[in-house]
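Working notes for the structure below.
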Amino acid sequence: MKSAVVTFPASNCDRDMYVALEKITGQTPHKIWHQDSDIPNVDLIALPGGFSFGDYLRCGAMAARSPAIKAIAEHAKRGGYVIGVCNGFQVLTEMGLLPGALMRNASLKFVCKTVQLKVENSDSSFTNRYNTGQVVDIPVAHHDGNYFADDQTLAKLEDNGQVAFRYVDEKGEATPSSNPNGSQNNIAGIMNERGNILGMMPHPERFIENAQGGQDGRGFFESIINSLN
Amino acid sequence: MTDINWNNSPDITEDLIKEHGLSDDEHKLMLKILGRTPTLTELGIFSVMWSEHCSYKSSKLHLKTLPTKAPWVIHGPGENAGVIDIGDGQAAIFKMESHNHPSYIEPYQGAATGVGGILRDVFTMGARPVANMNALRFGSTDHHKTRHLLSGVVEGIGGYGNCVGVPTVGGETNFHPSYDGNILVNAMTVGLADQDKIFLSAAAGVGNPVIYVGSKTGRDGIHGATMASAEFTEDSEEKRPTVQVGDPFTEKLLIEACLELMSTDMVVAIQDMGAAGLTSSSVEMASGGGVGFSLNLDMVPQREEGMTPYEMMLSESQERMLVVLKPDRVKEAEALFHKWDLDFAVIGEITADGNLTLTWQGNVVADIPTQPLADNSPEYDRPWVKTEAPAVIDAADMAAPNDLGETLLKMVGSANLSSRAWIWQQYDNQVMADTIQMPGGDAAVVRVHGTDKALAISTDCTPRYCYADPFEGGKQAVAETWRNITAVGANPMAITDCLNFGNPERPDIMGQFVGAIEGIREACTVLDYPVISGNVSLYNETNGTGIHPTPAIGGVGLMQDSSKMIKIAPKENGDVILLVGQSNGHIGCTQYLSIIEGREEGAPPPVDLELEKKNGDFVRKHILDGNISACHDISDGGLFVSLAEMAMASGKGMNIALNNGDIPAHAYGFGEDQARYVLSVSAADADVIISDAAETDVKIENIGVVGGEALDIEDLLTISVKELLDAHASWMPNYMSTES
Numbered sequence: 000m001k002s003a004v005v006t007f008p009a010s011n012c013d014r015d016m017y018v019a020l021e022k023i024t025g026q027t028p029h030k031i032w033h034q035d036s037d038i039p040n041v042d043l044i045a046l047p048g049g050f051s052f053g054d055y056l057r058c059g060a061m062a063a064r065s066p067a068i069k070a071i072a073e074h075a076k077r078g079g080y081v082i083g084v085c086n087g088f089q090v091l092t093e094m095g096l097l098p099g100a101l102m103r104n105a106s107l108k109f110v111c112k113t114v115q116l117k118v119e120n121s122d123s124s125f126t127n128r129y130n131t132g133q134v135v136d137i138p139v140a141h142h143d144g145n146y147f148a149d150d151q152t153l154a155k156l157e158d159n160g161q162v163a164f165r166y167v168d169e170k171g172e173a174t175p176s177s178n179p180n181g182s183q184n185n186i187a188g189i190m191n192e193r194g195n196i197l198g199m200m201p202h203p204e205r206f207i208e209n210a211q212g213g214q215d216g217r218g219f220f221e222s223i224i225n226s227l228n
Numbered sequence: 000m001t002d003i004n005w006n007n008s009p010d011i012t013e014d015l016i017k018e019h020g021l022s023d024d025e026h027k028l029m030l031k032i033l034g035r036t037p038t039l040t041e042l043g044i045f046s047v048m049w050s051e052h053c054s055y056k057s058s059k060l061h062l063k064t065l066p067t068k069a070p071w072v073i074h075g076p077g078e079n080a081g082v083i084d085i086g087d088g089q090a091a092i093f094k095m096e097s098h099n100h101p102s103y104i105e106p107y108q109g110a111a112t113g114v115g116g117i118l119r120d121v122f123t124m125g126a127r128p129v130a131n132m133n134a135l136r137f138g139s140t141d142h143h144k145t146r147h148l149l150s151g152v153v154e155g156i157g158g159y160g161n162c163v164g165v166p167t168v169g170g171e172t173n174f175h176p177s178y179d180g181n182i183l184v185n186a187m188t189v190g191l192a193d194q195d196k197i198f199l200s201a202a203a204g205v206g207n208p209v210i211y212v213g214s215k216t217g218r219d220g221i222h223g224a225t226m227a228s229a230e231f232t233e234d235s236e237e238k239r240p241t242v243q244v245g246d247p248f249t250e251k252l253l254i255e256a257c258l259e260l261m262s263t264d265m266v267v268a269i270q271d272m273g274a275a276g277l278t279s280s281s282v283e284m285a286s287g288g289g290v291g292f293s294l295n296l297d298m299v300p301q302r303e304e305g306m307t308p309y310e311m312m313l314s315e316s317q318e319r320m321l322v323v324l325k326p327d328r329v330k331e332a333e334a335l336f337h338k339w340d341l342d343f344a345v346i347g348e349i350t351a352d353g354n355l356t357l358t359w360q361g362n363v364v365a366d367i368p369t370q371p372l373a374d375n376s377p378e379y380d381r382p383w384v385k386t387e388a389p390a391v392i393d394a395a396d397m398a399a400p401n402d403l404g405e406t407l408l409k410m411v412g413s414a415n416l417s418s419r420a421w422i423w424q425q426y427d428n429q430v431m432a433d434t435i436q437m438p439g440g441d442a443a444v445v446r447v448h449g450t451d452k453a454l455a456i457s458t459d460c461t462p463r464y465c466y467a468d469p470f471e472g473g474k475q476a477v478a479e480t481w482r483n484i485t486a487v488g489a490n491p492m493a494i495t496d497c498l499n500f501g502n503p504e505r506p507d508i509m510g511q512f513v514g515a516i517e518g519i520r521e522a523c524t525v526l527d528y529p530v531i532s533g534n535v536s537l538y539n540e541t542n543g544t545g546i547h548p549t550p551a552i553g554g555v556g557l558m559q560d561s562s563k564m565i566k567i568a569p570k571e572n573g574d575v576i577l578l579v580g581q582s583n584g585h586i587g588c589t590q591y592l593s594i595i596e597g598r599e600e601g602a603p604p605p606v607d608l609e610l611e612k613k614n615g616d617f618v619r620k621h622i623l624d625g626n627i628s629a630c631h632d633i634s635d636g637g638l639f640v641s642l643a644e645m646a647m648a649s650g651k652g653m654n655i656a657l658n659n660g661d662i663p664a665h666a667y668g669f670g671e672d673q674a675r676y677v678l679s680v681s682a683a684d685a686d687v688i689i690s691d692a693a694e695t696d697v698k699i700e701n702i703g704v705v706g707g708e709a710l711d712i713e714d715l716l717t718i719s720v721k722e723l724l725d726a727h728a729s730w731m732p733n734y735m736s737t738e739s
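Chains A and B, in that order, give the protein sequences. The letter at position 73 of the first sequence is residue 72 when you use numbering that gives the first Met the number 0, and the numbering goes up by one with no holes. The letter at position 577 of the second sequence is residue 576 when you use numbering that gives the first Met the number 0, and the numbering goes up by one with no holes.
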């Protein structure tokens, strides 16, 4: 799989994403600087975590207006895969490629911990190497991960199976105490209707080997590789 | 000598000199160096350069006695941060620094800029920062400001560190009334560099351009270094404007831009603008290289209008660096900084005369020989009295608690021993994806990216020991970092120290300082564990009451094979629990005495450094041989608290039987004798370890096995792990969610 990682000013998980993609795909990812208007021809573009432009305005709002964004949107329009993790998810909502918004955590505090996610359906391009209903461990680290969408959008996401991951407890129940940020319906990650764009707050790229505390994040990247075959 | 333009300088009166904190002798010395009356700008420069904070005038006599050399030390104290050799042409670069006064006045910005400052000290040397740590001390939990300060400091550390993308991997947090009016915020950064890409601040090359990069200069932080060199009084709140404001976004850009610049061959010297801003950076670069700096202040990027030379030279605006470039590389470097949207300005050049010459609006406003300014700064041998050694307390003279189980629950659920998860969860401790031991273990461990190696890091100090006996306390702080690094399987390499004390003009306080230095010296010498960087913070007192002496130590250790690292959680039911070291039931100065008896007295546990080394080397060897599956050192709270922490980390119970002889159970269980570890090992490995201990004369006891749902100590206590966890986890969230 050919991939590329975008760096905005103050992206800070770009290297982590790059390393994870390199390890799992066996191919060197391309690097896209936010000011590049020409981007390489790849299967997957990853928008990494961080604090693009300091997140001094709404998280992701400035990055969503970077020169590289147009080409990324075109890549998505052609059906190319796009993932946004953490700040990348915020950028995707600010670009309008995914519905809803990520508000300040309900606790009003930054939260960094390993959470349990339930894989909502294993049919998607991003989850096919997991089983439906499987509970995986993935870390979160964010200040603004509280997913919000209006009722109609939310119903549509649920009905279309666009919810990829949900925060759950060890038994797989989406309880209030297993929700680290107050997201509606405990939503941790969503896809677009076409199924080629995914945004999620948790960081699969941080959990790809046991030394990091777990390797449940591998399945996410392996799913994308699998859907290209 | 250059002609000075006096038009803009007021009369330099006695009062003005006093206001600038210069003593009579310092005033005379300044006149001698200049050979004339200073301008206001020059007075400001002397004042900050000779402040306690920048000149170490009360402490340097004693600091010189610390061991700073070892074959693996590449740069010791004197540079922006210390540098050690970690093999394969790589180096670890680290330092810890205080930001106490600003954090009390404005906790969020004070702590945030403390993190920013220490990051710059490390990346200015060419290192990529890979881990942040901290050591925090707050006042009594009953004090009306404690919640506000704790929440602000933690948010500030997180707000800055999380944004720049450097993991905050651990630290320590204590509460004690001695910090009621003067909290301590000590931040440490560890970075990695290639040994052939380490950059120093000594400038060279007459005619080479001096470049200013980073944020614009504003009026924030003027006289910050002077504030850090005076006691607090009730009107300290009025000093709020001297607290700097951090911009982690710019810092992140500055890290990337500077590292990119340093990957080329354009840089001659580079220095961050920290305390005393443009003044100390230019003086250090010039005097370090034996050259002069001629700066045109009109070229300094300014955030505010109408700034005077005095304000520009004393501003402590954050996220700024000074770089000396090779002459023909300015355009190339400028393009690089513009790519990162950072200000870049040629503000002067290197001169041969050794002076710092400042021009502004066409006039010379300062002209100071830098060598004497930097090197002839005052040095005091302040009078001091030795702290009187307190009496040893005998546990036999003390009533035993009725219920040891209740006592243990109270301990693990206390302010000082409860879980710090509420704090860690606000720090991104995994960004960079190389953190392999998260906060909560004995030491944090981060991998050396792309290698099998890892660094173990621990910050420690037990201020109540240091208050009772500065010498033993100083030894213990060093020994505890050494022990914590050992307990994960790493080889302790070197330390940075952050020495927080009260007013050095008081002989009792100076005695605490001298005692602690002696203790640190002895421990570093015996443990072969040199001091490679550090910081001194004096005048930590409010209205004449000093803090507990707090020489915070940050230790760094190296693992060649990170896969051998272990944690504190026992792995399997049936594993054997071994106790390494001699338990004497030392109860003086313990957490038990403080939490349960409400007493803070007695002599602290003595530290036998030879024993410390013997036991630690033994434990490390068996960790590296793969014989130990979990290890925890014994420190605050003693054996029972260590066992409880291991049980809580694993969720597994333990069945323990003690052999305490005539030592009362509470003293045996909660005593804080040093040089001890608890190991969890398989039954087969237990035999190997015990027989090796017999051969090497290491005291070891088999005290039980892992299993069940409770910590069960035969005849003494039984508490379910869940109960322990509830008490341990709930204290801080409950405290922080209630009103003061």
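Quick reminder that beta carbons are idealized off the backbone N, C-alpha and C, glycines included.
Item: Partners in chain A for B:C162, counting only beta-carbon separations shorter than 9 Å; Value: A9, N11, G49, F50, G53, D54
Item: CB contact below 9 Å: A:H202 versus chain B; Value: yes
Item: Members of the segment 93-125 of chain A that neighbour chain B once the beta carbon cut-off is set at 8 Å; Value: K108, F109, V110, C111, K112
Item: Beta-carbon proximity list for B:E598, same chain, < 8 Å, skipping 5 on both sides; Value: It should be pointed out that residue 598 of chain B corresponds to Arg in this sequence rather than to Glu. Here the set comprises L592.
Item: Sub-9 Å separation of B:G160 and B:D427 beta-carbons; Value: yes
Item: Local conformation of B:C497 per DSSP, three classes; Value: strand
Item: Assigned exposure category for B:M0 - 16 Cβ within 10 Å defines buried; Value: Low per-residue confidence applies at B:M0: pLDDT is 46, beneath 50, and the placement is therefore not dependable enough to give any value.
Item: Which residues DSSP lists as bridging B:G556, in chain order; Value: B:A455, B:P491
Item: Test: B:R239 CB closer than 9 Å to a CB of chain A; Value: For B:R239, the predicted structure reports a pLDDT of 48, less than 50, and the residue's modelled location is therefore unreliable. A value from the coordinates is still provided. Output row for B:R239: interface = no.
Item: Straight-line gap, B:T263 to B:A332 (C-alpha atoms, nearest Å); Value: 10 Å
Item: Any 3 or more C-beta pairs closer than 8 Å across the segment 7-15 of chain A and the segment 37-54 of chain A; Value: yes
Item: Three-state secondary structure (DSSP) of B:K238; Value: With a pLDDT of 49 at B:K238, under the threshold of 50, the predicted position of this residue should be treated as unreliable, and no value is reported.
Item: Residue span of the beta strand (DSSP E) that contains B:R319, given as start and end; Value: 319-324
Item: First and last residue of the uninterrupted beta strand (DSSP E) at A:H141; Value: 134-141
Item: Below-9 Å beta-carbon distance, A:R57 vs any chain B residue; Value: no
Item: Rounded C-alpha distance that separates B:E304 from B:W730; Value: 49 Å
Item: Local conformation of B:P308 per DSSP, three classes; Value: helix
Item: Reduced DSSP secondary structure (H/G/I, E/B, other) of B:L577; Value: strand
Item: Selection from B:K196, B:C523, B:A568 that minimises the alpha carbon distance to B:L755; Value: Here chain B comprises residues numbered 0 to 739, so residue 755 of chain B is not present and cannot be evaluated.
Item: Beta-carbon gap between B:G113 and B:E96 smaller than 9 Å; Value: yes
Item: Own chain residues within Cβ distance below 8 Å of A:V167, not counting five before or after; Value: Q115, L116, K117, V134, A173, T174, S177, N185
Item: Neighbour-count burial assignment, A:D215, 16 or more Cβ in a 10 Å radius; Value: buried
Item: With 16 other Cβ atoms within 10 Å as the buried cut-off, status of B:R675; Value: buried
Item: Reduced DSSP secondary structure (H/G/I, E/B, other) of B:S736; Value: coil
Item: Members of the segment 716-738 of chain B near chain A, C-beta cut-off 9 Å; Value: none
Item: Neighbourhood of B:G86 by C-beta, 8 Å cutoff - its chain only, sequence neighbours within 5 removed; Value: K452, L557, Q559
Item: Beta-carbon contacts of B:A395 that lie in its chain and below 7 Å, excluding the five residues immediately before and after; Value: P663
Item: In DSSP terms, what B:N626 is bridged to; Value: The partner list for B:N626 (beta bridge, DSSP) is empty, contrary to what the question assumes.
Item: Partner residues on chain A for B:G157, Cβ-Cβ distance less than 9 Å; Value: K108, F109, C111, H142
Item: Own chain, CB closer than 8 Å to B:A740, minus 5 neighbours either side, in chain order; Value: Because residue 740 of chain B is not part of the residues shown, which for chain B are 0 to 739, the question remains open.
Item: Where B:M298 sits in the DSSP three-state scheme; Value: helix
Item: Cutoff 9 Å: B:I367 Cβ touching any chain A Cβ; Value: no
Item: Buried versus exposed call for A:L56 [16 or more other C-beta atoms within 10 Å across all chains shown]; Value: exposed
Item: Proximity test, Cβ basis, 9 Å: B:D10 and chain A; Value: no
Item: 9 Å Cβ cutoff, A:R128 in contact with chain B; Value: no
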